[in-house]
Amino acid sequence: MNTLALTAGRLNVGDAGVTAVLGYAVVFFGLVLLMCVIMIMGKAMASSGKKADTKAPAAAAPAPAAPAAPSAPPAPGSAGEIKLFDVPDKEAAMIMAIVADQMGKPLNELRFKSIKEVK
Amino acid sequence: MNILETLSKLATESGFAGFFAAGGWKNLIMIAIACVLLYLGIGKKFEPLLLVGIAFGVLLTNIPGAGLYHMGMWDAYVYECAYDPVNDYALYNTAQERAYDEMEMNYYIVARASGHTTEQIEDYFEQQAGADVTNDFLALYATCDQNAANDLAGKLKGSLSFTDIIHLGGLLDILYIGVKAGVYPCLIFMGVGAMTDFGPMIARPSSMLMGAAAQLGVFFAFFGACLLGFAGNVAASIGIIGGADGPTAIYLTTKLAPAFLGPIAIAAYSYMALIPMIQKPLMRALTTEKERKVKMEQARNVSKVEKIIFPIVVSVFVILLIPSTAPLIGCLMFGNLLRETGVTERLSDTAQNALMNIVTLFLGISVGATTVAARFLSLQTLMIVGLGVIAFMFSTIGGLLMGKIMYKVSGGKINPLIGSAGVSAVPMAARVSQDVGRESNPNNFLLMHAMGPNVAGVIGSAIAAGFLLARFGG
């Protein structure tokens, strides 16, 4: 039975070459199409995000014209803001505490710029 | 019955006797191969979750007399011909590539009743080349044990269904139904989808080009297999090894060339485990030190909404483009949707863990069971192993070359090393990019950037499989 699939449906060199090139082209076409769709989706998301941003201050404008409160100064000993990507606050706090403990330095002497989960 | 007769019967019916039967030595070799694979899986940790299962399947299926898997029965199912459950033989004329006609079936029955072996019967039909066998049948019928012939004739089965297989088959035959029906690979894909974060690819869609380019090996190996004389359907199954995606390779091979599932699955998983050894030298050879040192910019943050919309959009577009990808892409994206919605955590967790583990158990052992000695030990298996490594190498080269093009086009902002991750093999290939990148620049973290082409490669190999299925699936 082993020889069965060897003899049935053999392709000549030309057909094999055309099939290979066509297959490769189809894979490219599929992924390029998907790439375009994702790019469009990303742009649509970005523009809707911007619209939401512009609407928010506009909506806030009619609010009582109280003097804008200056942004709260960082707490004593802290080193500014940290950017969190897909990391909950609790986990971020835990990670910073562990790093500080491992390094043997107090937390307020360290500066964390961002924490991002590597998936 | 005296004691000597009993002992003699036990000895002749034991599996040990099977090693001394015609071709029994091949089973011993397969058991040795199973032990080597077990060593690679356990000792060297080569894809152990699957390789240990596959290796144990190889071991079980090649123990004479175990009767856990019946190759002849699956041949009869695939070729839709009659089946002899006594000798586990599909009544299929391999020389003529068709089911036996009535007279050939009669000849087969009397030949078996006369004590002819499978090899003798197949040689006979090869010599006959489709000529009438009536005279030979009559001559053999006159001399054979007619009771035995009638008994065998009563036991032959017509074309088989899955129900027949459940009734007649062993444990591994029953588990193999899940492979044959294409269920296990798709469920594995669901788990893969639930485990995969497509964020890096959504953040940098251009990485899809590398995922596409890294399918070069699939079509190169397909072409090479055609040149070596393999039929188109088998060549397609061999080529998909280059997709570096086990479930896709198993799915396509089950559909197109089930007789070659064992060697193709083993080659695919072995090479996936060997990815660092295959890819690193090529990556160093095809890139310059300057290119390898490139530090890539942080990709944009991808919103939760985008991640939820992504699997829906991909399912619709890819399945519309190539409908035969529906089972693979559909399950992959469904699993991913479960992950990203945030409201189906329990289902996502089940797909990633419990379901994935259960299916991996069944898939590994039943794929291993297909490596029956009589079929596995052949020149074709060596050719498949050779073509498999070529497929992996050319897929890596394709991804790297696209990476180099993107390096030039982006003005040196993209590190070409991430191109090799386009071969799929998540996340091993991305880790290799990271490792090679850090050799040149210890402060370089390419892992997240390489995950883009890496997951694009999963979609790319599913599209390649869909194309080959549409072309050769009949």
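Chains H and S, in that order, give the protein sequences.
Each residue of the first sequence is one higher than the last, beginning at 1 in this note's numbering.
Each residue of the second sequence is one higher than the last, beginning at 1 in this note's numbering.
Note that beta-carbon positions come from the ideal geometry of N, C-alpha and C, so glycine has one too.
Computed from a predicted structure; not experimentally measured.
SER114 of chain H: member of the beta strand (DSSP E) spanning 114-116, first to last residue.
Nearest to ASN454 of chain S by alpha-carbon distance, out of S:GLN434, S:LEU468 and S:ASP164, is S:GLN434. ASN62 of chain S sits in coil when the DSSP states are folded into three classes, being neither helix nor strand. Per DSSP, reduced to three states, the secondary structure at ASN150 of chain S is helical. Counting of Cβ neighbours within 10 angstroms places ASP173 of chain S among the buried residues, the total reaching 16 or more. For a Cβ distance threshold of 9 angstroms, residue set MET201, ILE202, PRO205, MET208, GLU306, PHE310, VAL313 and VAL314 of chain S lies close to ILE38 of chain H, ordered along the chain. Taking C-alpha positions only, ARG339 of chain S is separated from PHE162 of chain S by approximately 34 angstroms. Cβ contact annotation for GLY364 of chain S (same chain, cutoff 6 angstroms, sequence separation greater than five): LEU50, GLY53 and ILE54, in chain order. Relative to the Cα of ILE165 of chain S, the nearest Cα in the group S:ILE33, S:MET71 and S:PRO276 belongs to S:MET71. Per DSSP, LYS83 of chain H is one residue of the beta strand (DSSP E) stretching across 83-85.
Relative to the Cα of LEU379 of chain S, the nearest Cα in the group S:VAL432, S:LEU446, S:ARG112 and S:PHE230 belongs to S:PHE230.
The straight-line gap separating the alpha-carbon atoms of CYS144 of chain S and PHE137 of chain S is approximately 10 angstroms. As for any alpha helix (DSSP H) of minimum length 4 sitting wholly inside the stretch 304-371 of chain S, the runs are 304-321, 326-341, 345-352 and 354-368, ordered along the chain.
Closer than 8 angstroms to the CB of PHE112 of chain H there is not a single CB belonging to chain S. Taking each of S:VAL192, S:ASN62 and S:GLN127 in turn and checking the Cα distance to ALA354 of chain S, the smallest one comes out for S:VAL192. Contacts between VAL13 of chain H and chain S, judged by CB atoms closer than 8 angstroms, involve CYS226 and LEU227 in chain order.
The beta carbon of ALA456 of chain S sits closer than 8 angstroms to some beta carbon of chain H.
At a cut-off of 8 angstroms, the C-beta of GLY232 of chain S has a neighbouring C-beta in chain H. Using a CB distance cut-off of 8 angstroms, THR54 of chain H does not count as an interface residue toward chain S. Your pair VAL18 of chain H and LEU227 of chain S does not check out as a contact, with CB atoms roughly 14 angstroms apart and the cut at 8 angstroms. Interface flag for LEU33 of chain H against chain S is set, since a Cβ pair is found closer than 8 angstroms. Across the set S:ARG471, S:PHE472 and S:ALA462, the C-alpha of S:ALA462 shows the shortest separation from the C-alpha of PRO185 of chain S. Only PHE317, VAL318, LEU321 and ILE322 from the stretch 316-349 of chain S bring a Cβ to less than 8 angstroms from some Cβ of chain H. Contact annotation: LEU31 of chain H and GLY460 of chain S have beta-carbon atoms nearer than 8 angstroms. For a Cβ distance threshold of 8 angstroms, nothing in chain S lies close to GLY104 of chain H: the least Cβ distance comes to about 23 angstroms.
Here LEU140 of chain S is actually not in contact with SER159 of chain S; their C-beta atoms are around 26 angstroms apart, not less than 8 angstroms. With the rule of 3 Cβ pairs closer than 8 angstroms, the stretch 388-403 of chain S counts as touching the stretch 416-436 of chain S.
For GLN215 of chain S, the C-beta contacts it makes with chain H under 7 angstroms involve TYR24 and VAL27, in order along the chain.
Within the same chain, PRO85 come within 6 angstroms of LEU168 of chain S by CB-CB distance, once the 5 residues on both sides are set aside. With respect to PHE467 of chain S, GLY9 of chain H sits apart: the two C-beta atoms are not nearer than 8 angstroms.
Closer than 8 angstroms at the C-beta level to chain H, one finds these residues of the stretch 81-92 of chain S: ALA90 and TYR92. Bridge pairing for LYS157 of chain S: S:TYR83 [DSSP].
For LEU10 of chain S, the uninterrupted alpha helix (DSSP H) segment begins and ends at 3-13. DSSP places ASN441 of chain S outside both helix and strand once states are collapsed to three, so it counts as coil.
Against ILE459 of chain S, the close residues of chain H are GLY30, LEU31 and LEU34, in the order they occur along the chain (beta-carbon pairs closer than 9 angstroms).
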